[in-house]
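Taking it in order: structure first as structure tokens, then the write-up.
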Amino acid sequence: MEKREKLYEGKAKILYATDDKDQVIQYFKDDATAGNGKKKGTVEEKGIMNNGISAKVFEYLQANGVPTHFVSKLSDREMLVKKVEIVKVEVIIRNRAAGSLCRNYGVEEGKTLSCPILEFCYKEDKYNDPLMNEYHIKALGIATEKEIEKIKEITFKVNELMKKFFLALKIELIDFKLEFGRYKGEIILADEMSPDTCRLWEVGTGVRLDKDRFRNDLGNIKEGYQEVLKRVTGK
Ligand code: TMP
Numbered sequence: 070m071e072k073r074e075k076l077y078e079g080k081a082k083i084l085y086a087t088d089d090k091d092q093v094i095q096y097f098k099d100d101a102t103a104g105n106g107k108k109k110g111t112v113e114e115k116g117i118m119n120n121g122i123s124a125k126v127f128e129y130l131q132a133n134g135v136p137t138h139f140v141s142k143l144s145d146r147e148m149l150v151k152k153v154e155i156v157k158v159e160v161i162i163r164n165r166a167a168g169s170l171c172r173n174y175g176v177e178e179g180k181t182l183s184c185p186i187l188e189f190c191y192k193e194d195k196y197n198d199p200l201m202n203e204y205h206i207k208a209l210g211i212a213t214e215k216e217i218e219k220i221k222e223i224t225f226k227v228n229e230l231m232k233k234f235f236l237a238l239k240i241e242l243i244d245f246k247l248e249f250g251r252y253k254g255e256i257i258l259a260d261e262m263s264p265d266t267c268r269l270w271e272v273g274t275g276v277r278l279d280k281d282r283f284r285n286d287l288g289n290i291k292e293g294y295q296e297v298l299k300r301v302t303g304k
């Protein structure tokens, strides 16, 4: 697999072309941002840890019938993925209240929700990723009704699978964000699943093992990611 030119650089990852037009290399950086880029920093080896965690998660999801962009882990910071056309929505599932749900709706942090909440946000930094609903998505031509149904179906399946996956590691999946892409006419899971994009609390202690350590200046950021990587890889 030959690595070619840089196609896109985001806040936490870079995409490179390969000699296969259908596959790209996803490179994980150590850069960390919060509040849509207002807070910036780096977390030593975050890219290595998120690549390792995401690879394991994608392998598990794929083995359980979830279509993902993951092809293989290439190196410490790189995975080979299918080249998708990104659907411009961020899909969030919440199992317990945290983050913006608490800020926007006055809910107490940690409150167990009587059913999971699924949220859509418009993936557009310049508008601050505003919340949107299915009517926005359809009316603005961001995705079709059929695609939205598929995205919801996959998202709820990922929630059930990932709750189980993390619980076996004594970690509770509080919430997470997914992104989807179109590949040869199908909707598949893209992006990453890591402590950058999930809230992960240790069972019993409630210790935060995710990016809230960076967002909220809780300290020992690297150690949180390391703990997740250790449990996920069993090393
Ligand atoms: P929020 O509480 O800030 O809305 O975040 C909900 C979940 O989604 C949390 O696990 C962090 C993740 N997330 C991202 O990965 N990227 C984003 O841009 C946002 C807003 C949230």
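Heads up: the sequence shown at position 82 corresponds to 151 in the working numbering, and the numbers run straight through without jumps. We treat Cβ as the ideally placed atom computed from N, Cα and C, and that holds for glycine. Here the structure is a predicted model, which means the values were calculated and not measured.
{"query": "S169: CB within 8 Å of a non-hydrogen atom of the ligand TMP", "result": "yes"}
{"query": "Buried/exposed call for Y196, threshold 16 Cβ in 10 Å", "result": "exposed"}
{"query": "F245 Cβ short of 8 Å to the ligand TMP heavy atom set", "result": "yes"}
{"query": "C-alpha gap between K125 and V301, whole angstroms", "result": "7 Å"}
{"query": "Check: K280 C-beta below 8 Å from any heavy atom of the ligand TMP", "result": "yes"}
{"query": "Closer than 8 Å: E193 CB and nearest the ligand TMP heavy atom", "result": "no"}
{"query": "Rounded separation between E78 and I155 - CA only", "result": "14 Å"}
{"query": "Three CB pairs or more closer than 8 Å across the stretch 218-225 and the stretch 243-260", "result": "yes"}
{"query": "Straight-line gap, R284 to E218 (C-alpha atoms, nearest Å)", "result": "32 Å"}
{"query": "Helix, strand or coil at N105 [DSSP, three-state]", "result": "coil"}
{"query": "Per DSSP, cross-strand counterpart(s) of S183", "result": "Answer is none; S183 lacks a bridge partner."}
{"query": "Residue nearest to K108 in terms of C-alpha spacing, selected from K304, Q295, G303, D281", "result": "D281"}
{"query": "CA nearest to the CA of Y191, picked from R172, A208, L238", "result": "A208"}
{"query": "Meets three-Cβ-pair contact criterion under 8 Å: the stretch 142-159 and the stretch 111-124", "result": "yes"}
{"query": "C-alpha gap between E178 and D88, whole angstroms", "result": "47 Å"}
{"query": "Cβ pair count under 8 Å reaching 3, the stretch 233-240 against the stretch 164-180", "result": "no"}
{"query": "Distance, L187 Cα to K233 Cα", "result": "18 Å"}
{"query": "Beta-carbon proximity of E214 to E203, cut-off 9 Å", "result": "yes"}
{"query": "Residues that G110 bridges to, as DSSP identifies them", "result": "A101"}
{"query": "C-alpha gap between G354 and I94, whole angstroms", "result": "Residue numbering for the chain in the displayed model covers 70 to 304; residue 354 lies beyond these limits and cannot be assessed."}
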